[in-house]
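Position in the sequence shown (first residue = 1) + 354 = our numbering.
Glycine residues also receive a C-beta, built at the ideal position from the N, C-alpha and C atoms.
Just so we're clear, the structure is a prediction, and the values are computed from it rather than from any experiment.
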Amino acid sequence: MIKAVIFDLDGVLTDTAVYHYQSWKAIASNFNYDLSEHDNEKLKGVSRADSLRFIIEWASASVSSDQIPALLKEKNDHYLRLINDLSQSDILPGVLDFLNLLEANQCKKAVGSSSKNAPFILEKLGLAHRFAAVIDGNGVKNTKPDPEVFLNAAEKLEVNPVNCLVVEDAPSGIQAAKAAGMKVIGVGLDLQGADLCVSTLTGLTWDQIQNI
Ligand code: BG6
Ligand code: MG
């Protein structure tokens, strides 16, 4: 039985993936590397520091460790400028109805995100008060595909991981959910390993969730 749902943020509650992509593309251009959308798929769900490590590796760039903090700051400053106008109108289709459905069935809700900007974004979307727990990139040692973020959320909600359902849009997040022993809905096309794949959260029913 599902007693709690743990939501990824970027790409599930709102579509910030495009802003992460634009910001990383600007960083990659410093190394004369044209970051493709295909590359970007591999960065979804991955922490800021790990994402930079991947890009440096793909670009075969030589970057000393003392340049890293400035590059991370440059990326985040760019990203924050792009998301400055984020508001309730940027909540993805089906999300509000799905949250209402869970509340009507006394199902607990949390956010489990790799992003250090998660609390700020949830405020901008007007969604912060809808979650009993928010576990984000500020509070975990190992980010997705490690299960830590989802296990911490389950612990905070006081729900056994087998009774938790994760909603994810990234391969790294689906791996993390599975490693946590949880069921997972993949939002997007053909997400390998998901128990159910949907294009949006629109129209999901309580029975569907329980029989996943
Ligand atoms: C994840 C995104 O949710 O958070 C990644 O899918 C991003 O693209 C990661 O790199 C870290 O985000 P932030 O906001 O801490 O840089
Ligand atoms: Mg995501």
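Is the CB-CB distance between residue i and residue j below 8 Å?
{"i": "ALA487", "j": "ALA507", "result": "yes"}
{"i": "LYS578", "j": "ALA548", "result": "Here the chain comprises residues numbered 355 to 566, so residue 578 is not present and cannot be evaluated."}
{"i": "GLY466", "j": "VAL503", "result": "yes"}
{"i": "VAL400", "j": "THR497", "result": "yes"}
{"i": "LYS398", "j": "ASP523", "result": "yes"}
{"i": "VAL552", "j": "VAL541", "result": "yes"}
{"i": "PHE385", "j": "ALA413", "result": "yes"}
{"i": "VAL449", "j": "LEU367", "result": "yes"}
{"i": "HIS374", "j": "TYR433", "result": "yes"}
{"i": "LEU440", "j": "TRP560", "result": "no"}
Measure the C-alpha to C-alpha separation of residue i and residue j and round it to an integer number of angstroms.
{"i": "PHE453", "j": "TRP378", "result": "Position check: residue 453 holds Leu in this sequence, whereas Phe was assumed. Using only the alpha carbons, I get a separation of about 31 Å."}
{"i": "SER469", "j": "THR556", "result": "24 Å"}
{"i": "GLN421", "j": "ILE410", "result": "12 Å"}
{"i": "LYS495", "j": "ALA534", "result": "15 Å"}
{"i": "GLU457", "j": "LYS429", "result": "36 Å"}
{"i": "HIS392", "j": "GLY491", "result": "24 Å"}
{"i": "SER405", "j": "GLU395", "result": "11 Å"}
With residue i and residue j assumed to form a contact (beta carbons below 8 Å), what rounded beta-carbon distance in angstroms separates them?
{"i": "LEU519", "j": "ILE356", "result": "5 Å"}
{"i": "ILE475", "j": "THR370", "result": "7 Å"}
{"i": "SER525", "j": "GLN546", "result": "The displayed chain sequence assigns Pro, not Ser, to residue 525. Right, their Cβ atoms sit about 7 Å apart."}
{"i": "ILE445", "j": "LEU479", "result": "5 Å"}
{"i": "ASP362", "j": "VAL521", "result": "6 Å"}
{"i": "ILE566", "j": "LEU550", "result": "6 Å"}
Any idea what DSSP makes of residue i, helix, strand or coil?
{"i": "LEU425", "result": "helix"}
{"i": "VAL400", "result": "coil"}
{"i": "GLY583", "result": "Examination of residue 583 is not possible in this model, given that the chain is present from 355 through 566 alone."}
What does DSSP give as the partner residue(s) for residue i in the beta ladder?
{"i": "THR368", "result": "ASP364, ILE445"}
{"i": "CYS461", "result": "DSSP output for CYS461 lists no bridge partner at all."}
{"i": "LEU519", "result": "VAL359, LYS537"}
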